[in-house]
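Everything on this sheet refers to the single structure shown next.
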Amino acid sequence: MIILQCHNVCKSFGIDPILSNIKLDIQTGERVALVGRNGAGKSTLLKIIAGQLSYDSGQIMMPKGTELGYLAQNTGLESELSIWEEMLTVFAPLRKMEKQIRDMELQMSDPALLKNETRYNKLLKEYDQLQITYKDKGGYQYEADIRGVLAGMNFGDFDYQTKISTLSGGQKTRLALAKLLLTKPDLLILDEPTNHLDIATLTWLEQYLVGYKGAILIVSHDRYFLDKIVTEVVEISRTKSTKFTGNYSAYLDEKAKRYELELKQYEKQQDEVAKLEDFIQRNIARASTTKRAQSRRKQLERMTLLDQPAGSEKSASFSFTIERQSGKEVIRATDLHVAYGNETIFQNLNLSIDREESVALIGPNGAGKSTLLKALIKDIPLKDGVIRFGSNVTVGYYDQEQANLKSNKLVLHELWDDHTLLPEKEIRTVLGNFLFSGDDVLKPVSTLSGGEKARLALAKLMMKKANLLILDEPTNHLDLDAKEILENALIDYPGTLLFVSHDRYFLNRIATKMAELDEGQITNYLGDYDYYVEKKNEMEQRELLSQQENAASSIPTTAGTQADKRSYEQDKEAKKAERQRQRRIEEIEKQIDSLETALAEKEEDLCDPSIYSDHEKAQTIQSEIDEAKTKIESLMEEWEDLQE
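If you count by UniProt numbering, then the sequence shown holds residues 1 to 644, one letter each, in order.
Shown next, in the form of structure tokens:
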């Protein structure tokens, strides 16, 4: 069943078309990813579908009664209620039903009502029906659902009476997503839901969405996430939409194949057109061949000419280089202690990084990853500990919030002021490689979008030619194409990397070592993200096995032997009883079958005129029928008891 259909939807801002003739169909249970460059119109289309933005022409159709849930980018939950009270608002109809059930129970316990059999039976019927509806709508499990979703969204350790107004922006965003998931709409529309989620929460969200019964329309720049979730991809490019079946990786493969095929078809047709035009030009003037030339001209006029397939849109192009290589030891941090006021973030923390290592710093939100990076670049003070950089180490730092890019300088001068000896042409070339061309370089930095600021920050970083790059969430605000360019640049980077990222695909491509920061300590894993997950699972399994072995070994041997003997005897008796129960069930089923067959025959005999006219014979058969029914009823009760 189609629950959403967009047909030829168009939207312009002023004279600039954003969306043209967009087509999108979503069936019940489908998971659709909307992909495209930053600024392609993905969020605009989601807002149009959600009814938050008008469109110029086309149609958007949904069946009557379809429930739609929409979460915009970085939408925080604003409320004066506590976390628990806010989540309960989702289930207001159920709670109202719950109150009705309690009220009915009070009425039914009223002795006066018991005397009025008609009213009592009517109320009892309504009560039974309401209980069934309440159960079917999840009345007995909604509190468990709330706790499950809150735990999954990393609120498991929170006091649920905490006021939402006291939470951070990232926590409010996660809470908004949690509330939307609890509503369970027919169509769930999510715009960048993975922002502000750590890896553990991302993994939980993936599992939740894989099992979600409704349809999902999602925009995300997390390729690992898209590969796990989606079954269909719709690309928005050059204001048009193109549909692909499969997950994100399948979309990339299919897109490349389509382009190759369309290019071959176009080139083949162009060759054919060139030959026809050449034949016409050479033969149209000759009397002996003019008819053949005219025939070719008509053939050419009847041809539907193919458009040249559009290649990939212009991408950023850059690489990171270094002025000189560092010594073998790059960072040696010993016994680091960082605190905000009286709150210790970590203490006695050690970190070692050598030349050309690519180290990913991972861990739950709030573990202190960004704090550690800022401590290393001396942006925040240490309470205790020593940070030592190796010989010839030069540091380039990328801040996830681009905190240093809030100036009112022009884009051109933001870069040029750091490299005043370079000619303007060279600065413009660098900016052009990061997709700042023409008048874009004369925009004030403060007016740039998140993606543009990210590209400008990367341009500044590239120009430093540092041999140690410290990156805090470098893929934030980058579209999928820009992420791939950044990955390739970092893979070829000849220096040393230390970075924080929640992008698991990025971690797999870039990291050679995973440094897990949890509970104030770092644990190293020599490998990429998938290797880290595998090792963590192995460690958990070993720990579980060890606990089981310790529990078994703590029981005294003699007591264990006696317990094993008792357990064996009990198990033997239980199996014997189970065999007897199964045999008795089979016997009862055979007896019931036999009695029901005989009963059917006797009831058929009663319909015979020669028998029902004979009063004594009819009465005898009726007695046998009654006796058979009683026997069947008794056997059925025994059968039900045995089944239970």
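For each residue, glycine too, the CB sits at the ideal point set by N, CA and C.
Counting only runs of 4+ residues, the alpha helix (DSSP H) found wholly inside the region 24-87 occupies 42-49, in chain order. In the three-state DSSP reduction, residue 546 falls in the helix class (H, G or I). Three or more Cβ pairs closer than 8 Å define a contact, and the region 18-36 meets that threshold against the region 221-237. By the beta-carbon neighbour count (other beta carbons within 10 angstroms, threshold 16), residue 1 is exposed. In its chain, beyond the 5 residues on either side, 164, 165, 172 have a beta carbon closer than 8 Å to the beta carbon of residue 78. The residue among 323, 354, 621, 325 with its C-alpha nearest the C-alpha of residue 331 is 354. For residue 577, the three-state secondary structure derived from DSSP is helix. The Cβ atoms of residue 18 and residue 44 lie closer than 7 Å to each other. Put simply, the backbone Cα of residue 152 is about 54 Å away from that of residue 596. By alpha-carbon distance to residue 214, the top candidate from 184, 194, 199, 635 is 184.
Inter-segment contact for the region 356-364 and the region 291-305 is absent: fewer than three beta-carbon pairs are separated by less than 8 Å.
Nearest C-alpha to residue 487 among 507, 204, 498: 507.
Cβ contact annotation for residue 210 (same chain, cutoff 8 Å, sequence separation greater than five): 228, 229, in chain order. For the pair residue 338 and residue 147, the Cα-to-Cα distance works out to about 33 Å. If you compare the alpha carbons of 193, 429, 374, 260 with that of residue 310, the shortest gap goes to 260. Looking at 304, 93, 632, the one whose alpha-carbon comes closest to that of residue 273 is 304. Every beta strand (DSSP E) stretch that sits fully inside the region 232-294 and reaches 3 residues is listed by chain position as 232-237, 240-245. As computed with DSSP, residue 477 is found in no beta bridge at all. Between residue 59 and residue 46, the alpha-carbon positions lie close to 14 Å from each other. The residue among 531, 157, 234, 483 with its C-alpha nearest the C-alpha of residue 251 is 234. DSSP, reduced to helix, strand and coil, places residue 636 within a helical segment of the structure shown.
Shown here, residue 5 sits in a strand according to DSSP, grouped into three states. In the three-state DSSP reduction, residue 170 falls in the helix class (H, G or I).
Distance between residue 430 and residue 530, taken at the CA atoms: about 35 Å.
Listed in chain order, the alpha helix (DSSP H) runs fully inside the region 495-543 are 504-510, counting runs of at least 4 residues. A direct Cα-to-Cα measurement between residue 549 and residue 479 gives close to 50 Å.
Fewer than three pairs of CB atoms, one per stretch, sit closer than 8 Å, so the region 433-444 makes no contact with the region 377-388. Counting the other CB atoms within 10 Å of its CB gives residue 6 a total of 16 or more, which places it among the buried residues. Along the length of the region 318-363, whole alpha helix (DSSP H) runs at least 4 residues long do not occur. Closest option to residue 367, judged by alpha-carbon separation, among 300, 463, 517: 517. The three-state secondary structure of residue 134, taken from DSSP, is helix. In the structure shown, residue 212 adopts coil according to DSSP, grouped into three states.
Between the alpha carbons of residue 90 and residue 641 lies a gap of roughly 41 Å. Taking 4 residues as the minimum length, the alpha helix (DSSP H) runs contained wholly in the region 435-474 are 450-464, in order along the chain. Close CB contacts of residue 591 within its chain, under the 7 Å cut and outside five residues either way in sequence, are with 635 (chain order).
In the three-state scheme derived from DSSP, where H, G and I count as helix and E and B as strand, residue 370 is classed as helix.
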